[in-house]
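Quick note, this note's numbering runs 18 ahead of the 1-based positions in the sequence shown. What follows is a short report on a single structure.
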Amino acid sequence: MRVLVLNNLFPPHVLGGYEIACRNVALALRERGHEVEVLAGHAPFTTGADPSWLHRTFALRAYGPTSAETAELGRVQAYEAGCS
């Protein structure tokens, strides 16, 4: 089975138990032979120990419910949405 996991943070960066549970589920699925990729938000600080299946390129700000207040912010928001 192919699984894509979306998460705002991924260990070692955590806010609570959700991020740890997400890692545990991803690892357990991989151990069972499933193809798992994780798309997480940018890390608050860099770590060199990230596995190859973890991609820290998810930009949650690009999908915010607020509208851009200026044309410049609108262009930045459109750019970030396209990059995610």
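By construction, the Cβ of each residue, glycine as well, lies at the ideal position given by its N, Cα and C atoms.
With a 10 Å radius around its C-beta and 16 neighbouring C-beta atoms as the bar for buried, classify A44 as buried or exposed. buried
Using the Cα positions of E90 and G51, report the straight-line distance between them to the nearest angstrom. 46 Å
Contact between the region 60-77 and the region 28-47 is defined here as three or more beta-carbon pairs at a separation below 8 Å; is this criterion met? yes
Spatial neighbours of I38 in its chain, beta-carbon cut-off 8 Å, leaving aside the 5 residues before and after: P29 and V32
Cβ separation of G59 and R74, assumed to be a contact under 8 Å, to the nearest whole Å: 7 Å
Counting only runs of 3+ residues fully inside the region 46-101, write out the beta strand (DSSP E) ranges in chain order. 53-59 and 72-76
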